[in-house]
Amino acid sequence: MEVSKSQKIVKVLGILDIIAAVLCIIAAVGMFGVSGVGMVNEEIATNSDMQQGVAIFIVMGIIVLASGVVDLLEGIFALRAAKDASKVKPLWIFAIIGVVLGVMALLTGIVNGGENVLSNVFTLVINCFMFYLANNIKKQAK
52 MEVSKSQKIV
62 KVLGILDIIA
72 AVLCIIAAVG
82 MFGVSGVGMV
92 NEEIATNSDM
102 QQGVAIFIVM
112 GIIVLASGVV
122 DLLEGIFALR
132 AAKDASKVKP
142 LWIFAIIGVV
152 LGVMALLTGI
162 VNGGENVLSN
172 VFTLVINCFM
182 FYLANNIKKQ
192 AK
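Per my numbering, the sequence shown starts with residue 52, numbered consecutively.
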């Protein structure tokens with residue numbers, strides 16, 4: 052069975068997703084570590100502004116960890132779909148999840164001042180492209 056162009060591109064994007072996922076998970080663990088160190092500091096225990104900062108850091112760590120897990124699963128399923136077109140359904144589902152998370156990140160970025168809008172748009176475009184490729188592979192598998 053010959054591998055289609057969509058499967059080749061999905062394989063490359065899957066590898067990049069796995070690399071990004073590992074970096075996200077490392078960043079999330081780092082955020083949890085910094086938050087833990089911050090929580091045991093006496094100065095932070097008495098300052099409510101610093102406590103809010105630590106809480107925000109923990110929430111951001113949870114969000115980055117969730118994003119890393121979704122990216123990791125999407126990457127794994129992308130590599131599976133790149134080998135066998137009949138195994139594209141999980142990739143298709145995680146591509147939809149990625150698009151939804153990308154739209155939410157873009158809207159949140161716009162509401163919060165638009166600092167990372169270009170990055171969010173790029174991420175959304177990549178997620179939409181992965182969904183498009185998953186659809187192509189799904190049609191090919193039929």
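Built from N, CA and C at the ideal position, the CB exists for glycine as well.
For clarity, every value in this text was computed on a predicted model and none was experimentally measured.
Q) What do you reckon, are the CB atoms on Ala192 and Ser137 nearer than 8 Å? A) Going by beta carbons, Ala192 and Ser137 fall inside the 8 Å limit.
Q.
Determine whether the beta carbon atoms of Phe180 and Ile147 lie at a separation below 8 Å.
A. The answer is no: Cβ separation not under 8 Å.
Q: Could you tell me the distance, in whole angstroms, from the CA atom of Ile109 to the CA atom of Thr159?
A: Rounded to whole angstroms, the gap between the alpha carbons of Ile109 and Thr159 is 18 Å.
Q) Which first and last residues belong to the alpha helix (DSSP H) in which Asp100 is found? A) Asp100 -> alpha helix (DSSP H) spans 99–134.
Q. At a cut of 8 Å, does the segment 86–96 reach the segment 55–73 through at least three beta carbon pairs?
A. Output reads no: the segment 55–73 does not touch the segment 86–96.
Q: Label Gly112 either buried or exposed according to how many other C-beta atoms from any shown protein chain fall within 10 Å of its C-beta, with 16 as the threshold for buried.
A: The C-beta of Gly112 has 16 or more other C-beta atoms within 10 Å across all chains shown, which makes the residue buried.
Q.
Is the separation between the beta-carbon of Val168 and that of Leu157 shorter than 8 Å?
A. Yes. Within cutoff.
**Q.** Same chain, Cβ closer than 7 Å to Leu64, five either side skipped, listed in chain order
**A.** Result list for Leu64: Ala129, Met181, in chain order.
Q. Leaving out five residues before and five after Ser57 in sequence, what residues of the same chain have Cβ atoms less than 6 Å from its Cβ?
A. Exclusion of the five residues before and after Ser57 leaves Leu184, Asn187, Ile188 as the residues of its chain whose Cβ lies within less than 6 Å of its Cβ.
Q. In the structure shown, what three-state DSSP assignment does Asn92 receive?
A. Coil.
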